[in-house]
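Q: The following block contains the structure, expressed as structure tokens.
Numbering (my numbering), first residue to last: 5 to 421.
This is how it looks when you write it as structure tokens:
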């Protein structure tokens, strides 16, 4: 059941990957919201302080619990306490209408000199913004009696606290995400267990049903032979035989496909030449293609050494050629090309006027047929599924594509086992 186990493991990895991406996206959005909220709250708080000072002529007003907020949209005034006047570090600068300095006040801050206060003012005047940050100070420029008043409030401590709060939130979010992801990884086996059980039961059902149906089908076909020997041939017996043989062929294909899905450790691996195998297979289909008025073109490099199951590779080539002959337009062209650079690559294309109606992403689904009317006989919709399983068992893949308005193609990439 190695191949089935690989499929379940792949499903588990995809679930973990999707969970990890989802968690990362949620963490990013939450962190972004925390960051934006923290920065906005910091700016609102600092702006309230600059507004309070600017509205009081450049000084911090005495504490008054009944004083309304300085501007609409600011947080409640309970952040201003009797100690706020003494804990707020700020300085102010006055200029005339031509922005010539009149005076500055640095009494409420010890780390800024009068010269530095003027330098800061020159910088913010050059920016042309009424509010902002400069060197850790939140500033505001407002019209004053003789010109303009620039208020600077020290926000370095507030910014540091906001930064620490945001970083702490990030650490908590990342830590929580890691814990959640570890829990998802730990419990993912239990999450995919129903899918694994359903998959295994489906495979076992196909195998068991195939064996159970083979016996009555064999009996029916044997009885037909006996009846024909006793009473002679008839149209009805021929129909029964034909449908019985079709049913037997379908069962054999389903059982074979199920076994390939279950385990590829039983492959008969040997070294052989892919070019020779493909050439032999093409030769077998050339008479059939010619009979249908199709032009079968074949090109390959002289030799492509390969290691794999030769029988399955022959079946893979036969399935694709059989599919091309069945669906190629009458008088159309089938082209087959084999190349080998890093890996052997087979390109098979054929003209098919209804290619626009074909669901290329479903061609490899079991029982899917591009011919929805099912007017073309001899097909169950199993072949391409089997071809994909063979390619997967050889560590490769097969894809379908449309070329132009009336050409369908298949690309097979193989790897040595």
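The beta-carbon is built from N, C-alpha and C at its ideal position, and this holds for glycine as well.
#1: If we ignore side chains and look at the alpha-carbon of each, how far apart do residue 307 and residue 353 end up?
#2: Would you call residue 342 buried or exposed, if buried means 16 or more other Cβ atoms sit within 10 Å of its Cβ?
#3: Just to confirm before moving on: does the CB-CB distance between residue 428 and residue 397 stay below 8 Å?
#4: Counting along the chain, where does the beta strand (DSSP E) carrying residue 401 start and finish?
#5: When the Cα of residue 293 is compared with those of 116, 187 and 340, which residue comes out closest?
#6: Are there 16 or more other CB atoms within 10 angstroms of the CB of residue 165, so buried, or fewer, so exposed?
#7: Roughly how many angstroms lie between the CA atoms of residue 137 and residue 170, to the nearest whole one?
#8: Three or more C-beta pairs closer than 8 Å, one from the stretch 221 to 229 and one from the stretch 188 to 196: is that the case here?
#9: Go through its chain and collect everything with a Cβ distance to residue 140's Cβ below 8 Å, but skip five positions before and after it.
#10: Who pairs with residue 303 in a beta bridge, going by DSSP?
#11: Below 7 Å CB to CB, which residues in the same chain sit around residue 232 once its five sequence neighbours on both sides are set aside?
#12: Which first and last residues belong to the alpha helix (DSSP H) in which residue 283 is found?
#13: Going by DSSP in three states, residue 353 sits in which element: helix, strand or coil?
#14: Relative to the C-alpha of residue 124, which candidate in 101, 148, 94 and 42 has its C-alpha closest?
#15: Provide the residue span of the alpha helix (DSSP H) that contains residue 108, from first to last.
#16: Quick check: what's the CA-CA separation for residue 220 versus residue 184?
#17: Grab the span of the beta strand (DSSP E) containing residue 153 for me, first residue to last.
#18: For residue 18, count the other beta carbons within 10 Å of its own beta carbon; 16 or more makes it buried, fewer makes it exposed. Which is it?
#19: Candidates 16, 418 and 304: which alpha carbon is nearest residue 200's?
#20: Indicate the three-state DSSP secondary structure (helix, strand or coil) for residue 372 in the structure shown.
#21: Give me whichever residues DSSP pairs with residue 56 in a beta bridge.
#22: Looking at C-alpha atoms only, which residue of 411, 239 and 52 is the closest neighbour of residue 332?
#23: Using a Cβ-Cβ cut-off of 7 Å (strictly less than) and excluding sequence neighbours within five positions of residue 327, which residues of its own chain qualify?
#24: To which residues of the same chain is residue 406 closer than 7 Å at the C-beta, ignoring the five residues directly before and after it?
#25: Would you kindly check if the distance between the Cβ of residue 289 and the Cβ of residue 329 is under 8 Å?
#26: Taking only three categories from DSSP, how would you classify residue 41?
#27: Just how far apart, CA to CA, sit residue 445 and residue 61?
#28: Verify whether the separation of the beta carbon atoms of residue 391 and residue 324 is less than 8 Å.
#29: Using C-beta distances below 7 Å, list every residue in its chain close to residue 109, excluding the 5 sequence neighbours before and after it, in chain order.
#30: Going by the CB atoms, is the gap between residue 35 and residue 180 shorter than 8 Å?
#31: Restricting to Cα atoms, I'd like to know which of 55, 338 and 168 is closest to residue 42.
#32: Is it buried or exposed, residue 194, if we count other Cβ atoms within 10 angstroms and call 16 or more buried?
#33: Rounding to the nearest angstrom, what Cα-Cα distance links residue 334 and residue 297 in this structure?
#34: Can you give me the start and stop residues for the beta strand (DSSP E) that residue 415 sits inside?
#35: Of all the options 409, 256 and 128, which has the alpha carbon lying nearest to the alpha carbon of residue 470?
A: Judging by the given coordinates:
#1: 21 Å
#2: buried
#3: This structure gives no information on residue 428, because the portion of the chain shown stretches from 5 to 421.
#4: 401 to 407
#5: 340
#6: exposed
#7: 19 Å
#8: no
#9: 158, 159, 160 and 163
#10: 341
#11: 241
#12: 278 to 295
#13: strand
#14: 94
#15: Note, residue 108: premise wrong, no alpha helix (DSSP H); beta strand (DSSP E) at 105 to 109.
#16: 54 Å
#17: 151 to 158
#18: exposed
#19: 16
#20: coil
#21: None, per the DSSP bridge assignment.
#22: 411
#23: 387 and 388
#24: 359, 364 and 412
#25: yes
#26: helix
#27: Nothing about residue 445 can be read from this structure; the chain reaches only from 5 to 421.
#28: yes
#29: 62, 95 and 96
#30: no
#31: 168
#32: exposed
#33: 6 Å
#34: 411 to 417
#35: It is not possible to answer for residue 470, since the shown part of the chain is limited to 5 through 421.
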